[in-house]
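Visitor: Below are the structure tokens for one structure; questions will follow.
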């Protein structure tokens, strides 16, 4: 079945990162739709920036989608049936995409709504989208694409099969050049939320959070030092703004090994007899392999099949929970 898609927001994650020659492709919503032409047709796009719309139109190959500069006009055409679509992607800035996502969840013709992270700016945003989702017949997806990366899926498998022993400790770092725009935004919300979503996927929900948030004179986030407490171990996460480099890393210590995963790649070590000290064991590098697969395509292929499964429902709920932990940190630390 060919899904009729609409794309709201033509910024970096909407399409323009496809022009980056160093990235794997597709790496955006438009790029993924274009690469899966047998599964999707892009019937409409929406962006208030005329230059962005023009640049996208020049880049897009094939039949040109209808263009909207005002989301309200797009919404009206969807509701009236003047525009036929069953899949909506919301890739607009965080200050508007929650309400847009809620509006699209209220249109019965839309079977699937995919929204960008973070799925809200405030705790009230979480409640709004939960309420809209509960009343909707649509499936709600949140774009945490690392869940569809085969490397992270392999890490989760190693955690669950227990061959490396019990989890003892987890450490993470997320540094970016993101500049906070208010006292409830920053690298923790924009990039750290991906890390927290992985944490929930790997280990489930923590029991509590503590730590420190460093803020500037305007109370905007400069960095965070967070501890998430589980029954048998503690997860430590550091985030920072205004870095000259981007870093996204997680290190998991087990009783018989260690895994390092992140944007620098994937590594695993296993405990073995030391070559330097009699009667001791040390970590030694071990093979770590996974099939080559584009996480964007895996996400979109699942959406194309519109699997309304318990796995997908749990995935979305954990995405909303990740946002709740971020706001708990902002409000209590």
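In the working numbering, the protein residues as written are 27 to 359.
Cβ coordinates follow ideal geometry from the N, Cα and C atoms, glycine included.
As the structure is a prediction and not an experimental result, all values here were calculated from the model.
Do residue 162 and residue 131 come within 8 Å of each other at the CB atom, strictly closer than that value?
Guide: yes
Visitor: Where does the unbroken alpha helix (DSSP H) through residue 100 begin, and where does it stop?
Guide: 97–106
Visitor: What residues are listed by DSSP as bridge partners for residue 340?
Guide: Partner(s): none; residue 340 has no beta bridge.
Visitor: Given this structure, state the Cα-to-Cα distance separating residue 156 from residue 138, to the nearest angstrom.
Guide: 15 Å
Visitor: Check this for me: beta carbons of residue 117 and residue 35, under 8 Å apart or not?
Guide: Yes, Cβ-Cβ distance for residue 117 and residue 35 is below 8 Å.
Visitor: If we call anything under 8 Å between Cβ atoms a contact, is residue 151 one with residue 345?
Guide: No, these two residues do not count as a Cβ contact at 8 Å.
Visitor: Using a Cβ-Cβ cutoff of less than 6 Å, which residues in the same chain neighbour residue 201 once the five nearest sequence positions on both sides are dropped?
Guide: Take residue 201, set aside five residues on each side of it, and the residues of its chain with a beta-carbon closer than 6 Å to its own are 266, 269 and 273, in chain order.
Visitor: How far does the alpha helix (DSSP H) with residue 27 in it reach, from first residue to last?
Guide: Counting along the chain, residue 27 falls outside any alpha helix (DSSP H), and DSSP gives it neither H nor E.
Visitor: So is residue 352 buried or exposed if we call it buried at 16+ other beta carbons inside 10 Å?
Guide: buried
Visitor: Could you tell me whether the Cβ atoms of residue 327 and residue 135 are closer together than 8 Å?
Guide: no
Visitor: Helix, strand or coil for residue 295? Go by DSSP, reduced to three states.
Guide: strand
Visitor: Do residue 41 and residue 171 have their beta-carbon atoms positioned less than 8 Å apart in this structure?
Guide: no
Visitor: Looking only at C-alpha atoms, which of 106, 312 and 235 sits nearest to residue 257?
Guide: 235
Visitor: I believe residue 165 touches residue 332 by the beta-carbon criterion, under 8 Å. Please report the beta-carbon distance rounded to the nearest angstrom.
Guide: 6 Å
Visitor: Grab me the residues of residue 317's own chain with a C-beta within less than 8 Å of its C-beta, minus the 5 sequence neighbours each way, in chain order.
Guide: 176
Visitor: Hey, how far is the Cα of residue 329 from the Cα of residue 46?
Guide: 25 Å
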